[in-house]
Structure formats: C-alpha cells, structure tokens
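S.K.:
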Amino acid sequence: MENVGHPDACPPLPHNDAWDCKDNLKPMASAYVAAHGEEPKLTNKAVRKFEWPGSEVNEFSGTLDYLFFTPDTLEVSDTQPVPDVDQQLDFIDEVKSFPTANLPSDHVKIAATFKLRKRVRGESKDSGSKRQRT
Numbered sequence: 004m005e006n007v008g009h010p011d012a013c014p015p016l017p018h019n020d021a022w023d024c025k026d027n028l029k030p031m032a033s034a035y036v037a038a039h040g041e042e043p044k045l046t047n048k049a050v051r052k053f054e055w056p057g058s059e060v061n062e063f064s065g066t067l068d069y070l071f072f073t074p075d076t077l078e079v080s081d082t083q084p085v086p087d088v089d090q091q092l093d094f095i096d097e098v099k100s101f102p103t104a105n106l107p108s109d110h111v112k113i114a115a116t117f118k119l120r121k122r123v124r125g126e127s128k129d130s131g132s133k134r135q136r137t
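Going by the working numbering, 135 is the number at position 132 of the sequence shown; the sequence numbering is gapless.
1. Mind reading off the beta-carbon distance from F117 to F72? Whole number of angstroms is fine, and I expect it under 8 Å.
2. State buried or exposed for K121, treating a residue as buried only when at least 16 other CB atoms are found within 10 Å of its CB.
3. In chain order, what residues of the same chain lie with their CB nearer than 8 Å to the CB of V111, ignoring the 5 residues before and after it?
4. With DSSP as the reference, label H39 as helix, strand or coil.
5. In its own chain, which residues sit with a C-beta less than 6 Å from the C-beta of P74, not counting the 5 before and 5 after it?
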C-alpha cells in the first residue's frame, strides 16, 4: 500500500525499528456510515465558559466521535442507536450541555458489533490479494 500523502501517515520511528507503516496501513471506513449511510448528527453537546472578565461562551453541538474499522477484514453487523436529533429536537434544544441526569457523559455512547470476514482460499493474509501458484 502506498502512503496516501498525509505527512503524519507514517510517524518517525525509533532507530532500528523494523516496522514499516507503508506496508501495514489499511483503508478504513466508518461503522456508522457503513451501517446507516451517514455519521450520527450529534455525539457531543458542550458549553464552556471561562470565569474571568471578558470571557466568551464557547458552544459546540455536533459529531466528534467515530468508529473506524478495516472493511477488508471486518463487517459491521450492528451499531448502538444514538439519540436522533430530529426526533428529540425538543430535548436537545432544552439541554444546554451534556452531561445531564439522563446522559451521564459529555459524549453520547457509540458502539458497533463487527463480524470477521472469511478469507477466500488462497487469499494472502497481508495484502488481501490472491497468491499466484507456481
């Protein structure tokens, strides 16, 4: 696999480290996109205010959390439902910030269940391509 051009795709390694990320990076996909066609609309709602004169309220409502997986080795079988912003708009609008009594974290819980994909006989363990017989 080729480095996709991101400067941090292969971080500097300690001297004499044999691992080479260029040969070990695999394409990744989002579990929620694979299962539902889109990311959750909201996984975090936070309001931050610093207690000093002139400080401004910093508000955020959106998606910060993602579950990535390697689709050549895994398949999404299920995902944890997240609050639907459109269906729970009144509740979401009433809440200034997470956590609340009903949502005990500043992030909505996300989770997925994966199944291992079966390899085709003769498929290479490392590359996903078929081995040629000689």
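Ideal Cβ placement from N, Cα and C applies to all residues, glycine included.
M.R.: From the atom records:
1. Indeed, because the Cβ distance is near 6 Å, the residues count as touching under 8 Å.
2. K121 should be labelled exposed.
3. Within the same chain, and ignoring the five residues on either side of V111 in sequence, the residues whose Cβ sits closer than 8 Å to its Cβ are P43, L45, T46, N47, D68, V85, P86 and F101.
4. H39: helix per DSSP, three-state reduction.
5. For P74, same chain residues with a beta-carbon under 6 Å away, outside a window of 5 residues either side, are A32 in chain order.
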